[in-house]
Every structure is written in structure tokens, then in C-alpha cells.
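Trainee: Here it is: the structure, laid out below.
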Amino acid sequence: MIEAIDITKYYGDFPAVTGLNFSVEQGEVLGFLGPNGAGKSTTMKILTGFIPPSSGTAKIAGYDIVEQSLLARRHIGYLPETVPLYEDMVVSDYLSFMGQIRGMSSSQLKKRIDEVVELCRLEEYRDTIIGKLSKGYRQRVGISQAILHEPDVLVLDEPTIGIDPIQVVETRQLIKNLGEEHTLILSSHILPEVSMICDRVIIIHEGQIVAVDDPSNLGTSLSGIERVEIEVKGPNREMLPVLEKVKGVQSIERIPVTGGAYHRYHITVDIGQDLRHDLAKTVVANGWELLKLQSLGMSLEEIFLRLTIEEEQLPSPLGEAS
Amino acid sequence: MTNLIAITRKETKAYFSTPSAYIVGAMFLVLTGVFFVFDVSTPFAEAGVRGLSDWASFFIVFLAPLITMKLLAEEQKLGTLELLLTSPVREWEVVLGKYLASLLMLLAIQSVTLYYVFIVYFFGNPDTGPVISAYLGLILHGAAALAVGMLGSSLSGNQIISAVVATAILLIFSFVNRVSSLVDGAVAEFINALSMNARLSDFSRGVIDLSHVVYFLSIVAIFLFLSIRSLETRRWR
Numbered sequence: 000m001i002e003a004i005d006i007t008k009y010y011g012d013f014p015a016v017t018g019l020n021f022s023v024e025q026g027e028v029l030g031f032l033g034p035n036g037a038g039k040s041t042t043m044k045i046l047t048g049f050i051p052p053s054s055g056t057a058k059i060a061g062y063d064i065v066e067q068s069l070l071a072r073r074h075i076g077y078l079p080e081t082v083p084l085y086e087d088m089v090v091s092d093y094l095s096f097m098g099q100i101r102g103m104s105s106s107q108l109k110k111r112i113d114e115v116v117e118l119c120r121l122e123e124y125r126d127t128i129i130g131k132l133s134k135g136y137r138q139r140v141g142i143s144q145a146i147l148h149e150p151d152v153l154v155l156d157e158p159t160i161g162i163d164p165i166q167v168v169e170t171r172q173l174i175k176n177l178g179e180e181h182t183l184i185l186s187s188h189i190l191p192e193v194s195m196i197c198d199r200v201i202i203i204h205e206g207q208i209v210a211v212d213d214p215s216n217l218g219t220s221l222s223g224i225e226r227v228e229i230e231v232k233g234p235n236r237e238m239l240p241v242l243e244k245v246k247g248v249q250s251i252e253r254i255p256v257t258g259g260a261y262h263r264y265h266i267t268v269d270i271g272q273d274l275r276h277d278l279a280k281t282v283v284a285n286g287w288e289l290l291k292l293q294s295l296g297m298s299l300e301e302i303f304l305r306l307t308i309e310e311e312q313l314p315s316p317l318g319e320a321s
Numbered sequence: 000m001t002n003l004i005a006i007t008r009k010e011t012k013a014y015f016s017t018p019s020a021y022i023v024g025a026m027f028l029v030l031t032g033v034f035f036v037f038d039v040s041t042p043f044a045e046a047g048v049r050g051l052s053d054w055a056s057f058f059i060v061f062l063a064p065l066i067t068m069k070l071l072a073e074e075q076k077l078g079t080l081e082l083l084l085t086s087p088v089r090e091w092e093v094v095l096g097k098y099l100a101s102l103l104m105l106l107a108i109q110s111v112t113l114y115y116v117f118i119v120y121f122f123g124n125p126d127t128g129p130v131i132s133a134y135l136g137l138i139l140h141g142a143a144a145l146a147v148g149m150l151g152s153s154l155s156g157n158q159i160i161s162a163v164v165a166t167a168i169l170l171i172f173s174f175v176n177r178v179s180s181l182v183d184g185a186v187a188e189f190i191n192a193l194s195m196n197a198r199l200s201d202f203s204r205g206v207i208d209l210s211h212v213v214y215f216l217s218i219v220a221i222f223l224f225l226s227i228r229s230l231e232t233r234r235w236r
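Set out below in C-alpha cells:
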């Protein structure tokens, strides 16, 4: 449904995105994850035809976004990051205008506005001037206009940014529901959001794709490590060397605890191994008391941090030479 | 075509539902009203609208950019242009649709000045020909000034800058004939041909010269074309 072929975009000399290749199947929900300035918004703007790529191309529903722009744009519903709305228009007038410029007839519009307003729970605010709405409701109006013309492809750029926590939860649920009927691209810098909503995640950093996977896989396949948290009552000096000798343990980090006569460790273990059994046996065999033993796994958040921070921390060859 | 109508309708509604257009319109009417009174209060005043139309054209130079300044500048500032241009809408539909709305607004403001015409007819016996030609001139001049205003609005996301740029261009077009006395020959002729004022005085005297009509319509076409181009190039910046 969406196809990005080698998209590169320069702002002056600055490469915002370089060589992006990906595709989204019909009905798929793709998360576009990356820190601020990674090139997410630029990619969204290119996919929706607002700015042309410097090189490469994108296809929406089979239409080239530059060459057959008008046809491609017919299939897109878009919510930019800033949620731009006409402040002095009434919600229903606004929706009706957005429908008209997308070629909807007035009878179609009448029915569809009712549906959309109900779906986004804006019933009470139909006749409110947009400028008077709170950020969360403006967001809903933004989503309403994006889905109004029943587009094949939905592009949502940071749809939960800057709204209060309760509304974030509601908005995410709304987007999740939309994802069941639409092909959807969602950009975000919040991992739990993406892992909750998306079928597949692309992690983008400094304009390049650094990882593609489904959210559950990202946790293990990319990390290469797993961690176990263990709390034991016993002498720290004796326990550390013993625990380190357990087969499969890579390293042990002591986590300070306040109060309580026990020690807490985070043990990093080889990937794909469950060492909890061995660790428990070792602790008990030495006569210490085992208080807690838990697999931490790797949250998407940590992988994300790792993926994006590791690159920055890699010393450049030039830096090392000097 | 439906896009064009939708955009014109939306902008027209916006004009009539926000105070700024009323304020600008009221200002225009006060100023033209004052000068109308001056004009007809002189002893042995001519029963006509010549004084009125001359001053109205002068004020349009400042009025038109105020009407058009928000049309494209605000879209750029709010970012709504992004949604507009990612909808299946062509740039020319956006520019022309908004331009037509501003033209309707200006015609509405100008039509209120017909009140003065009514007064002239009530108390005097004016020559109808020059009244009609004066109003034709006003409308054509207004249409041209709005097109210049559209270009100003397309250039910047800042409404003040948009209005100032457009006013500056219009002032140059208005007074460029003053320069022509400094040069001679073909250059002077060319400069005179560019001037709006020289042509406007013909209209208020009762002369409808086809070349003047063509001139103003050309200004409209050229500046709308430039606005469309300006909007298109925003994507590439």
C-alpha cells in the first residue's frame, strides 16, 4: 500500500533522511520510531506529498507521490505533528470543508461527519469554535479530518505529543481501533505507544533505518543480552565471585538498596538462556536466602536507547587518532 | 472546480464572521466618507463622484493588502497549508479560490460607497456615464491590488510582512509616473504605461479605454500566476 524506494532528502547540505527503503502492506500498522530530529516528520511529509524527496520516490496505493501526486493524495489521510487547524472555524464546518476539498458530496459528508464525530467522541463539540478546544480535543478533530474521506492510508505524525495523560490513553485506543481498518503509519518517539499499537516497528536514527522488526521480537533478537534481577540475603563479598562463576553469566551489577539486609544484583546473561534455575540452585547450595529472582528481559525502551545511543558513543576513527 | 468553490466559500465565510474585515471595511468607509464630504462641500461643487473615486483608489492601495494578507500567510504560519496541499487540491485552486473570496469582500465594501452616489443623485443631477466609469475603474483597480496582495501573502508566513510588501509594490505602481518626467523617449513612455494612477484618472473623468481594462486584467493575471508559482516553490524550499 505504501512503498518508499530509496528516499533521500537534503535540506541545503544537511541530509534529513538518507536511503530509506520500506513498504507497508494493506492493513498493516507500521510504527516509525526515533528520537527528535531523526527524520520522522520529514519522511511523513514526503510520503504525503507535501515536500518532494531529493532523490528516490514513494508510492501510495500504486501511485507515484511526485508524478501522480493528485491521485496519490486522494488515498491519504494525514495528521501532521503540529495538528494544524483553522482556529476560527466551527468543528462541523471545518470537517465539511476538509471533506469537500477531498471530493466528497454533501450527502456523503453529512452521513460521514456524524460517524466520524461519534467515533472520535466529539459530539458535544460539533458547534464549538476550534480555537476554544483543548489540545486533546484538537487532536481528535485532527484525527477526524484524517479519516473523514475513508482513505486507504493513514499517516499520523506524533499523534499523542503534548496532550494530557488521560487523553493520551484514549487517543492510543482510538488509533489502535483505526489500525484494524486502515493501513497506518504512525511516527513516535515513545516506545510503549508503538509497541502497543503497531504490528511492525522501524527504528530511524539520524535519517537512516537502524532496525526493522515486530515489537515483541525487538526485545530479544536485537539486544543480544538478557538480564535477571536477583535479591539475596548473605555476605556480598562471598556471593559475588560465586555468582559470577555460574555458567552463562556475562556480568553482575550490584544495585544499591536502602534499608533491608539483603543485596540486589542485575545479572547480564547470554542470550536465549534461562539461568534462573542455576542461579537459584547456587544460592541455596551456599546457604544464602533467596528473596527474589526475576527475568528482566529487555524493554523496547532500552533497546531503543541502546540502538540510538551506541551509535553516538562509537568513537569516530578521527577522534581516536588525535 | 468544486475545490475552488469550496475554498472561496470557506474564505468568504471567514471574512464575514471575523471582526478584522469589518474593521478594515469601516476604516475605508470613514476615510472615503470624509473626503466625499470635503469634495461636495466646496462652493459650486460638481455633482459627481470624481473626488470620491480618486480618494477611494488611493486608499485601496492600503486596504487591499490588509484584506489579502492573511489568506496565504496564515495558512503557512498555522501549518494548515500542509493539510491543504496534501489534499487532492491544486495550487491554482487554492490561490484563485482565496482571491475570489477577497474580491467578493472588496466588492462588498465598495458597494457600501454607493450610498454616497445615492446622496449625489438625491441632491444633484450628476452625469451617469462618469459615475459608471469611475466605479469600473475602482473595481478593476481593486482587483489588481488584491492580486498584488495575494503575492505578498504567499511570500511570507508573517501577515505584517505580507501587507507591507504588497503595499510597497502597489505604491510603486501608483507613483511610478512621477519618475517618467526625469527621463524621456521610450523609457518615459514605458514607465507611464506601467502607472496605475495615470489610467485611473481617465476612468474618473468618464473615459473607458480598452487598453486600461486590459492593463488591469493583465496585472491580475500576472500577480496571481506569480502567487501560484510562489506557493509551488514553497514545497521545494
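Protein chains in written order, with numbering that gives the first Met the number 0: chain A, 0 to 321; chain B, 0 to 236.
For each residue, glycine too, the CB sits at the ideal point set by N, CA and C.
These numbers come from a predicted model, not from an experiment.
If contact means a Cβ-Cβ distance below 7 Å, which residues of the region 69-81 of chain A contact chain B?
Mentor: Leu69, Arg72, Arg73, Ile75, Tyr77, Pro79 and Thr81
Trainee: Along chain B, which residues have their Cβ under 7 Å away from the Cβ of Tyr85 (chain A)?
Mentor: Thr79
Trainee: With 7 Å set as the bound, which would you pick, yes or no: does the beta-carbon of Phe224 (chain B) sit closer than that to a beta-carbon of chain A?
Mentor: no
Trainee: Considering only the beta carbon of each residue, do Gly156 (chain B) and Lys76 (chain B) sit closer than 7 Å?
Mentor: Yes. Within cutoff.
Trainee: In chain D, which residues lie less than 7 Å from Gln99 (chain A) when you measure between Cβ atoms?
Mentor: Absent here is chain D; the protein component of the structure consists of chains A and B.
Trainee: So, at 6 Å on beta carbons, what are the nonlocal neighbours of Arg139 (chain A) in its own chain, with the 5 sequence-adjacent residues on each side left out?
Mentor: Cys119 and Leu121
Trainee: Please report how far the alpha carbon of Leu292 (chain A) lies from the alpha carbon of Leu183 (chain A), in whole angstroms.
Mentor: Approximately 40 Å, taken between the alpha carbons.
Trainee: Does the beta carbon of Pro87 (chain B) come closer than 7 Å to any beta carbon on chain A?
Mentor: yes
Trainee: Between Phe13 (chain A) and chain B, is there a C-beta pair that is closer than 7 Å?
Mentor: no
Trainee: What are the start and end residues of the beta strand (DSSP E) that includes Gln207 (chain A)?
Mentor: Counting along the chain, the beta strand (DSSP E) containing Gln207 (chain A) begins and ends at Gln207 to Asp212.
Trainee: From Leu108 (chain A) to Ala145 (chain A), what does the alpha carbon distance come to, in whole angstroms?
Mentor: 14 Å
Trainee: At a threshold of 6 Å, does Lys246 (chain A) count as lining the ligand ATP (C-beta to nearest heavy atom)?
Mentor: Of ligands this structure carries none, so the ligand ATP is not represented either.
Trainee: Could you compute how far the alpha carbon of His204 (chain A) sits from the alpha carbon of Ala57 (chain A)?
Mentor: 20 Å
Trainee: Answer with yes or no whether the minimum CB distance from Thr267 (chain A) to chain B is below 7 Å.
Mentor: no
Trainee: Quick check on the DSSP output: what are the complete alpha helix (DSSP H) runs of length 4 or more inside the region 71-150 of chain A, in order along the chain?
Mentor: 90-99, 105-118 and 134-146
Trainee: Looking at the secondary structure, which residues open and close the alpha helix (DSSP H) in which Lys291 (chain A) lies?
Mentor: It is not in any alpha helix (DSSP H) - Lys291 (chain A) instead sits in the beta strand (DSSP E) that spans Glu288 to Ser294.
Trainee: May I ask you to list the residues that DSSP assigns as paired with Tyr14 (chain B)?
Mentor: Beta-bridge pairing links Tyr14 (chain B) to no other residue.
Trainee: Going by other Cβ atoms of all chains shown within 10 Å of its Cβ, with 16 needed for buried, is Gly223 (chain A) buried or exposed?
Mentor: Any reading at Gly223 (chain A) must be qualified, since the residue scores a pLDDT of 49, below 50, and its modelled position is unreliable; the value itself is stated next. So Gly223 (chain A) counts as exposed.
Trainee: For Gly33 (chain A), return the contacting residues in chain B, with the cut-off set at a CB-CB distance below 8 Å.
Mentor: The premise fails here: Gly33 (chain A) is roughly 20 Å from chain B at the closest Cβ pair, so nothing lies under 8 Å.
Trainee: Can you give, in chain order, each stretch of the alpha helix (DSSP H) that sits fully within the region 112-194 of chain B and has at least 4 residues?
Mentor: 113-122, 127-154, 158-174, 176-179 and 184-193
Trainee: Between Leu209 (chain B) and Leu216 (chain B), what straight-line distance do the alpha-carbon atoms span, to the nearest angstrom?
Mentor: Going by the C-alpha atoms only, they are around 11 Å apart.
Trainee: Over the uninterrupted beta strand (DSSP E) stretch that includes Val16 (chain A), give me the two end residues.
Mentor: Phe13 to Val23
Trainee: Name the residue from A:Lys280, A:Asp277, A:Glu288 and A:Gln249 whose alpha carbon lies nearest to the alpha carbon of His265 (chain A).
Mentor: Of the candidates A:Lys280, A:Asp277, A:Glu288 and A:Gln249, the residue whose Cα lies closest to the Cα of His265 (chain A) is A:Gln249.
Trainee: Check whether chain B comes within 7 Å of Thr47 (chain A), counting only Cβ atoms and requiring the distance to be less than that.
Mentor: yes
Trainee: In whole angstroms, what separates the C-alpha of Ile64 (chain A) from that of Gly55 (chain A)?
Mentor: Cα to Cα, Ile64 (chain A) sits roughly 11 Å from Gly55 (chain A).
Trainee: With a threshold of 7 Å between beta carbons, is Thr17 (chain B) in contact with chain A?
Mentor: yes
Trainee: Please go through the same chain and pick out, in chain order, the residues whose beta-carbon is closer than 6 Å to the beta-carbon of Glu309 (chain A), but skip the five residues on each side of it.
Mentor: Its pLDDT being 45, under 50, Glu309 (chain A) is placed unreliably by the model, and the measurement read from it follows with that caveat. Excluding positions up to five away in sequence, the list is empty.
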